[in-house]
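*Asks:*
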Amino acid sequence: GTRIIYDRKFLLECRSSPLAR
Amino acid sequence: VRRKAISPGAGEHPLQYNYTFWYFRRTPSRPANTQSYEQNIRQIGTVASVEQFWKLYSHLVRPGDLIGHSDFHIFKEGIKPMWEDEANKNGGKWIIRLRKGLASRFWENIILAMLGEQFMVGEEICGVVVSIRFQEDILSIWNKTANDQVTTSRIRDTLRRVLNLPPNTIMEYKTHNDSLKDNSSF
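Heads up: the sequence lines are chains Z and R, in that order.
To convert a position in the first sequence, counted from 1, into our numbering, add 59.
To convert a position in the second sequence, counted from 1, into our numbering, add 695.
1. For the stretch 804-814 of chain R and the stretch 861-871 of chain R, state whether three or more C-beta atom pairs, one from each stretch, are separated by less than 8 Å.
2. Taking the alpha helix (DSSP H) that M809(R) falls in, what are its first and last residues?
3. Considering just the uninterrupted stretch of the alpha helix (DSSP H) at E72(Z), what are its terminal residues?
4. Using the beta-carbon of each residue, which ones in chain Z are nearer than 8 Å to L755(R)?
5. Ignoring anything shorter than 3 residues, give me the beta strand (DSSP E) runs that lie fully in the stretch 807-862 of chain R, in order along the chain.
6. Any idea what DSSP makes of K771(R), helix, strand or coil?
7. What is the residue span of the beta strand (DSSP E) that M867(R) lies within?
8. Who are the neighbours of E812(R) on chain Z, taking C-beta pairs under 8 Å?
9. Using a Cβ-Cβ cutoff of 8 Å, what residues of the stretch 754-787 of chain R are near chain Z? List them in chain order.
10. Listing by chain order, which chain Z residues have their CB less than 7 Å from the CB of E707(R)?
11. When DSSP builds the beta bridges, which residues end up paired with V742(R)?
12. Could you list which residues in chain Z have their beta carbon closer than 7 Å to that of E746(R), in chain order?
13. Give the straight-line distance between the Cα atoms of D873(R) and E772(R), rounded to the nearest whole angstrom.
14. Give a yes or no on whether 7 Å exceeds the smallest Cβ distance from Q711(R) to chain Z.
15. Have a look at the DSSP bridge pairing and note the partners of F719(R).
16. Would you please state the rounded distance, in angstroms, between the beta carbons of E707(R) and S744(R)? I believe it to be under 8 Å.
17. Please determine if the stretch 786-804 of chain R and the stretch 812-827 of chain R are in contact, where contact requires at least 3 C-beta pairs separated by less than 8 Å.
18. Is the stretch 793-803 of chain R close to the stretch 837-855 of chain R, with three or more CB pairs under 8 Å?
19. Please report the distance separating the alpha-carbon of H754(R) from that of D852(R).
20. So that I know if they touch, is there some Cβ in chain Z lying closer than 7 Å to that of L807(R)?
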C-alpha cells in the first residue's frame, strides 16, 4: 500500500497552522 | 475502559499510524519491578495527524527541562512501551547516549523522522524513548525484530542521517530479551 511520508521541513511548517494550536 | 477512536480532523494531514504518548517517572520508594513500572507509566494522549501531534507536543515540557529519573515514550497506538508487549518481545532497540543539553533537539528530530516514515523498514518501528538521567540522557528507538540485521542496520543509518550525529557518537543495539535477563534498560 501507499505510505504517508513527510520530511522534517514539511512537518515543521505544519506547526504554525491554526489547526495545530 | 473503551476509548474513543482517534482520527484526523478535517483539513489535517493524516499520519501513517496513530501514536500514543506516555510519561514515566520513577518513584524512589518503590522497587523497579515490572508491576511498579506499569503503575508509574501514564498515557498522555494519542494523535492521528501532524496537526494533532504538534498540538499535544507543544504543551509538553521539553525533555531537557525535566528533572529526575523520567522518560517520554511515543509508541504506535496499541503497543505498550514494555519489553513484554507482543510487538516488542522479539525486538530490541538502538541506544544513543547524549551529553546533557542535547536531549530536546534530538528528541524532536527522532520523533519527526518516525512520524514522517523516514526509516523505510515496513512495520518494524515500534516507538521512541527519551530517558532523562542524572549524568546523561538516552535516546532509543525500538523495533520488532532484533535479529533482522537488514532492518537494524537501516535504522542505524537513518538515525545517523536524520539526527546528524557527531562522528564520535556511540550507538549500541540491545535486545529486549537481554534487557529482561539483566533487568536493565541500558
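Even glycine gets a Cβ: it sits at the ideal position worked out from N, Cα and C.
*Replies:* In terms of the structure at hand:
1. With the cut-off at 8 Å, the stretch 804-814 of chain R and the stretch 861-871 of chain R do not touch.
2. Within the second sequence, residue 809(R) is the residue found at index 114, counting from 1. Looking at the DSSP string, the run of the alpha helix (DSSP H) that includes M809(R) is A798 to L810.
3. Within the first sequence, residue 72(Z) is the residue found at index 13, counting from 1. Its alpha helix (DSSP H) spans residues R67 to C73.
4. Numbered from its first residue, the second sequence carries residue 755(R) at position 60. Around L755(R), no beta-carbon contact reaches into chain Z at under 8 Å, the shortest distance being about 14 Å.
5. Taking only runs of at least 3 residues, the beta strand (DSSP E) segments lying wholly in the stretch 807-862 of chain R are 820-827 and 831-838.
6. In the second sequence, the residue the question calls residue 771(R) occupies position 76. Note: K771(R) maps to strand in three-state DSSP.
7. Position 172 of the second sequence, counted from the start, is the residue given in the question as residue 867(R). Note on residue identity: the sequence assigns Glu, not Met, to residue 867(R). Going by DSSP, E867(R) is part of the beta strand (DSSP E) stretching over M866 to T870.
8. As a first step, residue 812(R) must be located in the second sequence, where it is residue number 117. Neighbours of E812(R) on chain Z, chain order: R62, I63, I64 and Y65.
9. Result list empty, no residue passes.
10. Here residue 707(R) refers to the residue found at position 12 of the second sequence. Contact note: E707(R) reaches chain Z through L78, using a C-beta cutoff of 7 Å and chain order.
11. What you label residue 742(R) is simply residue 47 of the second sequence in a count that begins at 1. In the DSSP assignment, V742(R) forms a beta bridge with Y714(R).
12. Here residue 746(R) is taken as the residue at index 51 of the second sequence, counted from 1. Within 7 Å Cβ-Cβ: C73, S76, L78 and A79.
13. Locating residue 873(R) in the second sequence gives position 178, counting from the first residue. Locating residue 772(R) in the second sequence gives position 77, counting from the first residue. Between D873(R) and E772(R), the C-alpha separation is close to 25 Å.
14. If you number the second sequence from 1, residue 711(R) lands on position 16. Between Q711(R) and chain Z, the shortest Cβ-Cβ separation is below 7 Å.
15. By one-based count along the second sequence, residue 719(R) stands at place 24. In DSSP, F719(R) forms a bridge with I736(R) and D766(R).
16. The residue labelled residue 707(R) in the question sits at position 12 within the second sequence. The residue labelled residue 744(R) in the question sits at position 49 within the second sequence. The Cβ separation is near 4 Å, so the contact holds.
17. The stretch 786-804 of chain R, when compared against the stretch 812-827 of chain R, does touch it at the 8 Å Cβ threshold.
18. They do not touch, by the three-pair rule.
19. As a position in the second sequence, residue 754(R) is number 59, starting the count at 1. As a position in the second sequence, residue 852(R) is number 157, starting the count at 1. Near 31 Å, if we compare the C-alpha coordinates of D852(R) and H754(R).
20. Working through the second sequence from its first residue, we reach residue 807(R) at position 112. The beta carbon of L807(R) sits closer than 7 Å to some beta carbon of chain Z.
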